[in-house]
Amino acid sequence: MRRFVPLVLILSALPGVAAELRLESVDMQGNPVWSRIEVRNSQGAMFQPQFPLRDKTARNVPMGGPWYVGSFVAQGEIKLDVPPGDYRVVSERGPEFNRLEVPVTVKDGVTAFVKLENERWIDMNEMGWFSGDFHVHRPPDDLPALLQAEGLNLGVVFTMWNKRDLFEGRKIPRNSALKVDPTHIYTVNNAEDERGGGAWMFHGLREKLGLAVDGRWYPPGVDFIQKAKAQRYVPTGMPWIDVEKPFWWEVPVVMALEQPDSLGLLHNHFNQYGVLANEAWGRARDEEKRPGASGFAESSLELNYRYWNLGFRVPASAGSASGVLPNPVGYNRIYVQLNEPFGVEPFYRELRQGKSFVTNGPMLFFEAFEQPGGSIRVLVDVRSRDPLDRVEVVANGVVIQTFGAPPGKRSFRTELSVAGGLYSWIAVRAFEQSADTVRMAHSQPYWVDAPFGVRSDAEFFINWIDELIRQTEQDEKRFANDREREAMLGLYRQAREVYEQKRAAFPR
Numbered sequence: 263m264r265r266f267v268p269l270v271l272i273l274s275a276l277p278g279v280a281a282e283l284r285l286e287s288v289d290m291q292g293n294p295v296w297s298r299i300e301v302r303n304s305q306g307a308m309f310q311p312q313f314p315l316r317d318k319t320a321r322n323v324p325m326g327g328p329w330y331v332g333s334f335v336a337q338g339e340i341k342l343d344v345p346p347g348d349y350r351v352v353s354e355r356g357p358e359f360n361r362l363e364v365p366v367t368v369k370d371g372v373t374a375f376v377k378l379e380n381e382r383w384i385d386m387n388e389m390g391w392f393s394g395d396f397h398v399h400r401p402p403d404d405l406p407a408l409l410q411a412e413g414l415n416l417g418v419v420f421t422m423w424n425k426r427d428l429f430e431g432r433k434i435p436r437n438s439a440l441k442v443d444p445t446h447i448y449t450v451n452n453a454e455d456e457r458g459g460g461a462w463m464f465h466g467l468r469e470k471l472g473l474a475v476d477g478r479w480y481p482p483g484v485d486f487i488q489k490a491k492a493q494r495y496v497p498t499g500m501p502w503i504d505v506e507k508p509f510w511w512e513v514p515v516v517m518a519l520e521q522p523d524s525l526g527l528l529h530n531h532f533n534q535y536g537v538l539a540n541e542a543w544g545r546a547r548d549e550e551k552r553p554g555a556s557g558f559a560e561s562s563l564e565l566n567y568r569y570w571n572l573g574f575r576v577p578a579s580a581g582s583a584s585g586v587l588p589n590p591v592g593y594n595r596i597y598v599q600l601n602e603p604f605g606v607e608p609f610y611r612e613l614r615q616g617k618s619f620v621t622n623g624p625m626l627f628f629e630a631f632e633q634p635g636g637s638i639r640v641l642v643d644v645r646s647r648d649p650l651d652r653v654e655v656v657a658n659g660v661v662i663q664t665f666g667a668p669p670g671k672r673s674f675r676t677e678l679s680v681a682g683g684l685y686s687w688i689a690v691r692a693f694e695q696s697a698d699t700v701r702m703a704h705s706q707p708y709w710v711d712a713p714f715g716v717r718s719d720a721e722f723f724i725n726w727i728d729e730l731i732r733q734t735e736q737d738e739k740r741f742a743n744d745r746e747r748e749a750m751l752g753l754y755r756q757a758r759e760v761y762e763q764k765r766a767a768f769p770r
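Position in the sequence shown (first residue = 1) + 262 = our numbering.
Okay, structure coming up:
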């Protein structure tokens with residue numbers, strides 16, 4: 263692939279004048295564009311222009327460098343006053359453009375000029391694919407610039423989050439979708455209930471849900487999910503219910519009693535410069551068996567797989583939590599294939615049908631279809647900005663075939679046949695090489711009409727809920743009174759019965 267060499271010049275200036283670094287962010291035709299930029303000196307200090315568009319609320323976490331939280335978003339010409347020295351300028355415009363890293367030396371009394379032209383390596387919109395980030399905590403007014411800087415089509419902005427309410431004292435807008443241009447839209451009637459049991463996301467609300475409660479575990483998230491579903495208007499099917507991460511304590515309860523519309527597979531613990539390799543206040547994995555970032559990723563994926571094994575046909579979703587964790591908007595994203603002009607309603611409708619994949623790196627095109635005789639033909643096409651590590655075919659949570667990528671390889675294609683009758687779903691995942699983080703793409707499952715079930719998955723969630731019941735009975739401070747405790751125990755036992763029924767239905 264042709265690599266574009268950025269223009270780096272040193273322009274003369276009068277002696278004694280403060281050193282200046284001048285950047286120009288343009289497309290390949292020389293037009294000003296929005297981009298996300300990092301300016302670092304040789305000691306790792308970062309610099310921004312006056313009044314930059316920055317993520318001012320994201321917290322850095324103990325991983326990688328502080329590069330994201332020191333970045334800024336700008337368009338066209340940018341001027342920075344910096345001390346003389348050696349610098350690295352990084353420019354990004356989302357995953358469909360090559361990343362630029364430009365070394366530059368700034369001398370006392372002169373102006374250094376860097377022209378930033380990120381070359382596009384793939385155009386997903388031209389191919390009929392449109393992207394969305396289901397977890398954005400940035401100010402809504404910043405979204406027009408952020409969407410364009412990251413090449414993101416749909417941003418789901420959370421304006422209501424527990425007791426925080428951007429629309430406090432007034433009704434939410436009648437129109438949730440705000441169009442920047444035909445291919446960039448952000449929505450604002452979105453709420454998040456994030457407390458002890460987990461985080462439940464509500465997209466496209468018509469009315470507020472009353473999330474400003476004092477109890478960390480009561481009222482249950484299931485109550486708000488029921489209230490959101492009661493607002494649904496056919497044919498849009500909104501509000502949409504997204505479970506933000508799979509390891510929250512009450513996810514098995516929600517899955518059993520109020521099945522959501524999507525489940526976070528590529529969630530906000532996957533960051534641009536590292537992985538937050540813990541389950542926060544959710545159910546912790548066995549770190550001896552699954553250590554480090556790779557162990558965390560496998561454990562998180564396994565939870566999604568267990569639900570699919572049990573017949574919960576819930577599409578995978580992706581979100582970055584930009585504004586809370588150190589991620590740009592759209593870092594973890596969903597691509598949905600559309601056969602009509604881009605819009606909010608078509609995006610969610612086709613996602614519900616499974617025409618999508620999630621990614622923070624590779625572009626993954628996957629098809630499967632049944633052949634005469636019952637076998638499954640699988641077509642895989644992976645394209646990547648950075649070198650690939652491996653591509654894997656997964657069926658019912660088991661990797662049934664691995665393809666290692668030769669050094670430097672950025673694309674992979676294959677066809678294979680999978681015997682029928684062995685699995686109830688098949689999917690593909692692809693990993694890029696990365697020393698900093700886990701960068702991957704994952705398809706939605708292709709569902710096979712086969713009588714398949716795994717008793718161990720039902721037993722896994724029965725044990726999970728039993729543990730939740732024990733905590734609920736023993737933690738005296740969890741609830742304000744016994745009535746609340748008994749109400750929650752009733753929900754947990756009701757959910758447990760669902761998994762008991764699934765265990766009984768599976769002969770193995």
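We put the CB at the ideal spot given by N, CA and C, even for glycine. Note that the coordinates shown come from a computational prediction; the quantities given were computed from them, not determined experimentally.
Where does residue i fall in DSSP's three states?
i: Asp744; result: helix
i: Ala578; result: strand
i: Ala275; result: Bear in mind that the predicted position of Ala275 carries a pLDDT of just 37, short of 50, making it unreliable; the figure below should be weighed with that in mind. Ala275: coil per DSSP, three-state reduction.
i: Ala320; result: coil
i: Arg426; result: strand
i: Pro406; result: helix
i: Thr421; result: coil
i: Arg302; result: strand
i: Phe723; result: helix
i: Ile281; result: A small correction: the amino acid at residue 281 is Ala; Ile does not occupy that position in the sequence shown. Coil at Ala281, not helix or strand.
i: Phe396; result: strand
i: Met308; result: strand
i: Asp343; result: strand
i: Leu416; result: strand
i: Ser353; result: strand
Tell me the rounded alpha-carbon separation between residue i and residue j.
i: Glu512; j: Glu363; result: 43 Å
i: Asn589; j: Gly635; result: 47 Å
i: Ile272; j: Arg672; result: In this predicted model, Ile272 has a pLDDT of only 35, less than 50, meaning its place in the structure is not dependable enough to derive any value.
i: Pro402; j: Leu626; result: 30 Å
i: Asn658; j: Arg614; result: 20 Å
i: Val680; j: Lys318; result: 49 Å
i: Phe619; j: Pro481; result: 34 Å
i: Leu563; j: Ser556; result: 11 Å
i: Phe631; j: Asn571; result: 19 Å
i: Leu650; j: Arg691; result: 12 Å
i: Gly616; j: Arg284; result: 45 Å
i: Gln534; j: Ala767; result: 42 Å
i: Val407; j: Trp296; result: A small correction: the amino acid at residue 407 is Ala; Val does not occupy that position in the sequence shown. Answer to the nearest angstrom: the Cα atoms are 7 Å apart.
i: Val442; j: Leu409; result: 9 Å
i: Leu600; j: Phe665; result: 29 Å
i: Met308; j: Leu342; result: 11 Å
i: Phe574; j: Ala559; result: 21 Å
i: Ile498; j: Arg611; result: One point to set straight first is that residue 498 is Thr, not Ile, in the sequence displayed. Going from the Cα of Thr498 to the Cα of Arg611 covers about 8 Å.
By Cβ distance, which residues of its chain are closer than 6 Å to residue i, with the 5 residues on each side in sequence left out?
i: Trp383; result: Asn360 and Arg647
i: Asp348; result: Ser304 and Thr367
i: Arg675; result: Asp643
i: Arg316; result: Phe334
i: Glu746; result: Tyr480
i: Glu300; result: Trp329, Ser333 and Val352
DSSP puts residue i in a beta bridge; with which residues?
i: Thr445; result: Answer is none; Thr445 lacks a bridge partner.
i: Tyr495; result: Met500
i: Ser297; result: Ala336
i: Phe359; result: Arg382
i: Asn533; result: Gly536
i: Thr367; result: Asp348
i: Trp391; result: Gln599
Counting contacts by CB-CB distance shorter than 8 Å, is residue i in contact with chain D?
i: Arg701; result: Absent here is chain D; the protein component of the structure consists of one chain.
Note down, in chain order, each residue of its chain lying with its Cβ closer than 8 Å to the Cβ of residue i, except the 5 sequence neighbours on either side.
i: Pro522; result: Trp462, Ile487, Ile503, Asp504, Val505, Val516 and Val576
i: Gly460; result: Gly483, Val505, Glu506, Lys507, Trp510, Trp511, Glu512, Val513, Val516 and Gly544
i: Arg298; result: Ser333, Phe334, Val335, Ser353, Glu354, Arg355, Ala411, Glu412 and Pro590
i: Ser582; result: Asp395, His397, Val398, Asn530, Asn589, Pro590, Val591, Gly592, Tyr593, Asn594 and Arg595
i: Leu753; result: Pro482, Val484, Val515 and Leu519
i: Asn452; result: Val418, Val419, Phe420, Thr421, Met422, Ser438, Met463, Phe464, His465, Gly466 and Leu467
What does a CB cutoff of less than 7 Å around residue i pick up in its chain, not counting 5 residues either side in sequence?
i: Gly683; result: Gly636 and Ala712
i: Thr445; result: Asn387, Asn415 and Phe604
i: Asp404; result: Leu315
i: Gln493; result: Leu467, Arg468, Glu469 and Pro501
i: Lys489; result: Leu471
i: Ala757; result: Pro514, Val515, Ala518, Leu519 and Ile727
Mind pulling the beta strand (DSSP E) runs of 3 or more residues that sit fully within the segment 639 to 714? 650 to 657, 660 to 666, 673 to 680, 687 to 694 and 702 to 705
Every unbroken beta strand (DSSP E) inside the segment 584 to 627 [3 residues or more]: 595 to 599 and 618 to 621
Going along the chain, which unbroken runs of the alpha helix (DSSP H) with 4 or more residues stay wholly within the segment 453 to 529? 483 to 492 and 513 to 519
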